Amino acid sequence: MDRLRGTGGALSRHRGHAHALRAALQRPSPGARRLPPFSRMPARAIRSVHVQHTRPRARSDDSPGTRRSRVIEQHPARAFDGTCTAPAARSDRMRDIVLAHVSPAAPVRVLDLGCGTGSLLFRLAEALPAATLIGVDVSPANVHAAQQQQAAGTPAARVRFEMADYLTYRAEPFDVIVTDGVLHVIAAETGVLVRKLANDLRAGGLLMCNMPFDCRYNRTFSLIRRALRRVQSPWVDRRILQVGRLLHGRDMDENGLRERVAYMYMPPARMMDERLARHFASAGLERMAEYPTPNTSLSQLRHRVTVFVRRDA
Ligand SMILES: C[S@@+](CC[C@H](N)C(=O)[O-])C[C@H]1O[C@@H](n2cnc3c(N)ncnc32)[C@H](O)[C@@H]1O
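Heads up: take any position in the sequence shown, counting from 1, add 228, and you land on the working numbering.
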């Protein structure tokens, strides 16, 4: 079960909780050995999102005591009506982190929340041949693209894509929830979102989320995105695209660049910090590991992967 190296106390606490997944969390996979050891990165520390040309308004609301944080006040289906695909290297890394915690042979139920076009879910389907995997995304374009790709290969019985707003999505609890670049864009009060995540996990189940963390770079970038949103227009879109081509024209195709223009108008609704971790803790989700996410571009918010285990009720 020691699938992470150097996790010390966090992992031994996890042992006490992970009855349901005990069979799933066995010896380290080859992927685990390639990962950097557990690190508690500084509380201030990045990467990206997607919106169309609507103007979400921000509002304060968060944290159990103070209820202050930004929530994007907009129906997500209207914000996310295009496609969104993570760079392959990022999905590879996310898959490797999952494999560091879940045995490839385990018959686990996995949810990919905000699955985009299935970049991560298809990788997980290959890496976890006994798993049942569901990808949920609010964007019809994403789900359609994922289903088309699925029709070309992955066995349908094990892998399913559903178009749904996660906040109203209902399913049997999962063993693993993965979510890459999504939790900071979900338009909901943080407490509501975190409790839903906890309720959607079995006791001992794992939540692995990649999201921006609180650091000066991300705070500055949030301000820039907020300012851009105020002046959002086709002219600004074109300028953003020009800058994107200059910075990333070599490593990203035109579609990818266009997809990302909308990200520049979306400041994160929340970032991973101690306050958010307390939200998770109060919902029964105990932080057990963190992994840095390599930053691939200047325009990305800096992300980190945090793994939480659902304590027994
Ligand atoms: C930055 S993209 C990440 C996509 C994918 N995880 C990846 O890495 O390729 C954010 C995704 O979250 C989805 N999303 C946003 N709000 C959502 C919600 N309330 N329910 C389900 N999906 C949502 C968007 O449609 C979008 O595909």
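Think of the CB as a built atom: it goes at the ideal place given N, C-alpha and C, for glycine as much as any other residue.
Quick caveat: nothing in here was measured; it's all calculated off a predicted structure.
When you measure from the CB of Tyr519 to every non-hydrogen atom of ligand 1, does any distance come out below 7 Å? In the sequence shown, the residue the question calls residue 519 occupies position 291. The answer is no for Tyr519.
Taking Cβ positions, are Leu349 and Ala359 nearer each other than 8 Å? On the sequence shown, position 121 is the one that residue 349 refers to. On the sequence shown, position 131 is the one that residue 359 refers to. The answer is no: Cβ separation not under 8 Å.
Would you say the beta carbon of Thr534 comes nearer than 7 Å to a heavy atom of ligand 1? Along the sequence shown, read from residue 1 onward, the residue named residue 534 stands at position 306. No, ligand 1 has no heavy atom inside 7 Å of this Cβ.
On the DSSP bridge assignment, give the partners of Arg532 in chain order. Taking the sequence shown and counting its residues from 1, one reaches residue 532 at position 304. In the DSSP output, where bridge partners are listed per residue, Arg532 has Met439 and Pro520.
Quick check: the stretch 459-469 against the stretch 369-383, are there 3 or more CB pairs under 8 Å? Here the stretch 459-469 makes no contact with the stretch 369-383; the two share fewer than three CB pairs at distances below 8 Å.
According to DSSP, which residues form a beta bridge with Phe508? Position 280 of the sequence shown, counted from the first residue, corresponds to residue 508. According to DSSP, Phe508 bridges with nothing at all.
Measuring from the CB of Cys437, is there a heavy atom of ligand 1 at a distance below 7 Å? Position 209 of the sequence shown, counted from the start, is the residue given in the question as residue 437. Not so, every heavy atom of ligand 1 lies at least 7 Å from the Cβ.
Would you verify that the beta carbon of Cys312 is, or is not, closer than 8 Å to some beta carbon of chain D? Considering every chain present, this structure includes no chain D. It has just one protein chain.
Classify Val535 as buried or exposed, calling it buried when 16 or more other Cβ atoms lie within 10 Å of its own Cβ. In the sequence shown, residue 535 corresponds to position 307, counting from 1. Answer is buried; the Cβ neighbour count reaches 16.
Who are the near neighbours of Val410 in its chain, counting only those whose CB is closer than 7 Å to its CB and skipping five residues on each side? Along the sequence shown, read from residue 1 onward, the residue named residue 410 stands at position 182. The answer, listed in chain order, is Leu341 and Gly342.
Taking DSSP's pairing of strands, which residues face Phe389 in a bridge? In the sequence shown, counting from the first residue as 1, residue 389 sits at position 161. Phe389 is bridged to Gly363.
Let me check you understand the geometry: is the CB of Tyr493 closer than 7 Å to at least one non-hydrogen atom of ligand 1? In the sequence shown, residue 493 corresponds to position 265, counting from 1. No, the Cβ of Tyr493 stays beyond 7 Å of every heavy atom of ligand 1.
Flag Val471 as yes when its Cβ comes closer than 7 Å to any non-hydrogen atom of ligand 1, and as no otherwise. Locating residue 471 in the sequence shown gives position 243, where the first residue counts as 1. No, the beta carbon of Val471 sits no closer than 7 Å to any heavy atom of ligand 1.
Would you kindly check if the distance between the Cβ of Met492 and the Cβ of Asp442 is under 8 Å? Indexing the sequence shown from 1 puts residue 442 at position 214. Indexing the sequence shown from 1 puts residue 492 at position 264. No, these two residues do not count as a Cβ contact at 8 Å.
Taking 7 Å as the line, does the beta carbon of Gly342 fall inside it for any heavy atom of ligand 1? Here residue 342 refers to the residue found at position 114 of the sequence shown. The answer is yes for Gly342.
C-alpha distance - Gly363 paired with Thr313, whole-angstrom precision: Here residue 363 corresponds to residue number 135 of the sequence shown, with the count starting at 1. Here residue 313 corresponds to residue number 85 of the sequence shown, with the count starting at 1. Using only the alpha carbons, I get a separation of about 13 Å.
Ile405 - containing alpha helix (DSSP H), residue span: As a first step, residue 405 is located in the sequence shown; it is residue number 177 there, counting from the start. Not the alpha helix (DSSP H): Ile405 falls in the beta strand (DSSP E), residues Phe402 to Asp408.
With contact counted as at least three CB pairs below 8 Å, one residue from each stretch, are the stretch 439-457 and the stretch 410-430 in contact? Enough Cβ pairs lie closer than 8 Å, so yes.
Counting C-beta neighbours from all protein chains within 10 Å, is the total for Val420 16 or more, i.e. buried, or is it exposed? Taking the first residue of the sequence shown as 1, we reach residue 420 at position 192. Counting of Cβ neighbours within 10 angstroms places Val420 among the exposed residues, the total staying below 16.
By DSSP, does Val413 sit in helix, in strand, or in coil? The residue labelled residue 413 in the question sits at position 185 within the sequence shown. Looking at Val413 - three-state DSSP - the assignment turns out to be coil, as it is neither helix nor strand.
Under DSSP, the alpha helix (DSSP H) around Arg423 begins and ends at which residues? One-based indexing of the sequence shown puts residue 423 at position 195. Unbroken alpha helix (DSSP H) run through Arg423: Thr418 to Asn427.
For Leu425, does the count of other Cβ atoms within 10 angstroms reach 16, so buried, or fall short, so exposed? Translated into the one-based positions of the sequence shown, residue 425 becomes position 197. That one is buried.
Sheet register partners of Asp320 (DSSP bridge): Position 92 of the sequence shown, counted from the first residue, corresponds to residue 320. Note: Asp320 sits in no beta bridge, so no partner.
So, at 6 Å on beta carbons, what are the nonlocal neighbours of Ala392 in its own chain, with the 5 sequence-adjacent residues on each side left out? Here residue 392 is taken as the residue at index 164 of the sequence shown, counted from 1. Once the five neighbours on either side are set aside, the close Cβ partners of Ala392 are Val364.
DSSP has Leu339 in a bridge; who is on the other side? Mapped onto the sequence shown, residue 339 falls at position 111. In the DSSP output, where bridge partners are listed per residue, Leu339 has Ile362 and Ile405.
Check whether the Cβ atoms of Thr448 and Pro315 lie closer than 8 Å to each other. Residue 448 sits at position 220 when you count from the first residue of the sequence shown. Residue 315 sits at position 87 when you count from the first residue of the sequence shown. Not closer than 8 Å, so no.
Rounded to the nearest angstrom, how far is the Cβ of Arg337 from that of Asp403, given a contact under 8 Å? Position 109 of the sequence shown holds residue 337. Position 175 of the sequence shown holds residue 403. Indeed, because the Cβ distance is near 5 Å, the residues count as touching under 8 Å.
Going by DSSP, name the residue or residues bridged to Arg538. Here the question's residue 538 lines up with position 310 in the sequence shown. DSSP lists Leu513 as partners of Arg538.
Identify every residue that forms a DSSP beta bridge with Leu434. To locate residue 434, count along the sequence shown from 1; it is residue 206. Beta-bridge partners assigned by DSSP to Leu434: Val404 and Val537.
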